[in-house]
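Novice: Take the sequence shown: its letter number 276 is residue 276 in UniProt numbering, and every next letter is one higher.
Starting off with a structure, shown below.
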Amino acid sequence: MTTTPITEDSVNETETGNSSRKPRPGWGRIAAWAVMIIIMIATLFPFYWMLRTALSSNNALYSGASSWLPVDANLGGFARVFGMQTGEEAIAAGGAGQPVNFWRYLLNSVIVATLVTVGQVFFSACAAYAFSRLKWPGRNTVYGLFLAGLMVPTIFTFLPNFVLIKELGLIDTVFGIALPTMLMTPFAVFFLRQFFMNIPLELEEAALLDGSGKLGNFFRLILPMASAPIATISLLTYIGAWNDYFWPLMVSYSDNSRVLTVGLGVFRSQAPQMGPDWSGLMAATLVAALPMLILFALSAKRIVNSIGFSGIK
C-alpha cells in the first residue's frame, strides 16, 4: 500500500479548485437584491424626509426646498409640539401660536390602543378556543359565517357603530372610541384558531384526567402554550389601534378624547397666515410614528415566525 505525500502545492491546487467551483450569484439573485433595495429606499425615504423637514426652519424651508439636508437646522418644530415655546415664539418661527395638547393626545392613544388590544385579544382567544377545541353542533357552519366578516369593509360598520355609541352616551369619550373594536375580530380568531388546532389533544385530555375543567385548560394550558401567537396578534392589534384615524375622528370632538392621529389633523388646521407649519407638523408626525416603528422593528422576527407556524404564511 502506497501513500501520496501531501505537499503545499497540492493543498493550494485543492483550495483553488474548490474556490473555482463556488456558485456565483446569478442574474435572478442580483435582480432580487436590486428590487429589495429599491423597496427599502421607497419605504425609508418618507421617514428621512419627515426628519429633514422637522429639523428645518419654517422661514427657510421654502427657499431650500431642493436641499437634502435640514435647512437652518433647529429643534423649533419639536419645541412647538411639546409646548416648549410661547405663542410669540411660535408665531415668529412660523407656527400658529396656539397650544397643542400633544401629551393629552398621546395619553388617549395609549389608553385606546391598550383597551382595544386587551379586549380584542382576550375575546378572540376565547372564540378561537371554542371553534378549535370544543365540540358543539354547527361549529363549522358558525365559524364559516364568522369568517365571512373578513369580506366586509370596515367602513361599512362605521354608521351602525356610531348609532350604538351615541345611544350608549359614549360620544366624545375614550371608551367610546375603543368599544366597537374591543370585541373579537375574524382575523384574530382565525389566526389563533390555527395555532390552537396544532396543540396535541393528549395534553388537554391529561389535564382533564387530573381534574382540570375546560375553563382551567384554557387559562392554564392553552394560553401559556400560545404565548407567541398571542404576543404577535397583540402587537398587530396595538399598531392598528394606534394608527386608526377615521373612527376616532367621527366620535371625538374635544381634546378630552382625541388621539394622536386626530390631533395631527387639528395641528394641521391651525395653519398660520404664511402657510402650514410644516416643521412642527412633521415633528409631530415623527413623534407619533416612532413608538410603533421601534416596537415593530423589535418584534418583526417574532411576527414572521408566528405567522409561519400558524400555517397562514
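For glycine and all other residues, C-beta sits at the position ideal for the given N, C-alpha and C.
All of these numbers come straight from a predicted model, not from anything done at the bench.
1) Does the contact criterion of 3 or more C-beta pairs under 8 Å hold for the stretch 70-80 versus the stretch 202-215?
2) So A128 and F196 are supposed to be a Cβ contact under 8 Å. How far apart are they, rounded?
3) Secondary structure at Y238, three-state DSSP: helix, strand or coil?
4) Looking at the structure shown, is I171 part of a helix, part of a strand, or coil, going by DSSP?
5) Rank V100, A73, L203 and F123 by C-alpha distance to the C-alpha of A54 and give the top, closest one.
6) Within its chain, find whatever has a CB closer than 6 Å to the CB of I294; leave out the 5 residues flanking it on each side and keep chain order.
7) Tell me, to the nearest whole angstrom, how far the beta carbon of Q85 is from that of T237; I am working on the premise that it is less than 8 Å.
8) Which stretch, first to last residue, makes up the alpha helix (DSSP H) that contains W136?
9) Leaving out five residues on either side along the sequence, give the residues of the same chain with a beta carbon under 7 Å from the beta carbon of V118.
10) From V11 to A31, what distance separates their C-alpha atoms?
11) Which ranges would you report for the alpha helix (DSSP H) in the stretch 186-261 if only whole runs of at least 4 residues count?
12) Do V116 and A178 have their C-beta atoms within less than 8 Å of each other?
13) Would you tell me roughly how many angstroms separate the C-alpha atoms of C126 and S299, rounded to the nearest one?
14) Where T285 and L44 are concerned, what is the direct C-alpha to C-alpha distance, given to the nearest angstrom?
Specialist: Let's see:
1) no
2) Within the sequence shown, residue 128 is the residue found at index 128, counting from 1. Within the sequence shown, residue 196 is the residue found at index 196, counting from 1. Sure, about 6 Å apart at Cβ, within 8 Å.
3) Sequence index remark: in the sequence shown, residue 238 carries index 238 (1-based). Residue state, collapsed to three classes: helix.
4) Your numbering for residue 171 matches position 171 in the sequence shown. Of the three classes helix, strand and coil, the one that applies to I171 here is coil, per DSSP.
5) If you number the sequence shown from 1, residue 54 lands on position 54. Closest by alpha carbon: A73.
6) As a working mapping, residue 294 is identified with position 294 in the sequence shown. There are no such residues.
7) Start at 1 with the first residue of the sequence shown, and residue 85 comes out as number 85. Start at 1 with the first residue of the sequence shown, and residue 237 comes out as number 237. With 8 Å as the limit, Q85 and T237 do not qualify as a contact, their Cβ atoms being about 36 Å apart.
8) For the purposes of this step, residue 136 is identified with residue 136 of the sequence shown, where counting begins at 1. Note, W136: premise wrong, no alpha helix (DSSP H); not H, not E.
9) As a position in the sequence shown, residue 118 is number 118, starting the count at 1. Answer for V118: no residue qualifies.
10) Counting from 1 along the sequence shown, the entry for residue 11 is found at position 11. Counting from 1 along the sequence shown, the entry for residue 31 is found at position 31. In this predicted model, V11 has a pLDDT of only 47, less than 50, meaning its place in the structure is not dependable; the value taken from the coordinates is given anyway. So the two alpha carbons sit approximately 36 Å from each other.
11) 186-196, 201-209, 214-217, 227-243 and 246-251
12) Start at 1 with the first residue of the sequence shown, and residue 116 comes out as number 116. Start at 1 with the first residue of the sequence shown, and residue 178 comes out as number 178. A contact, by the Cβ cut-off of 8 Å.
13) Locating residue 126 in the sequence shown gives position 126, where the first residue counts as 1. Locating residue 299 in the sequence shown gives position 299, where the first residue counts as 1. If you take the alpha carbons of C126 and S299, they lie about 24 Å apart.
14) Within the sequence shown, numbered from 1, the residue matching residue 285 stands at position 285. Within the sequence shown, numbered from 1, the residue matching residue 44 stands at position 44. Approximately 15 Å, taken between the alpha carbons.
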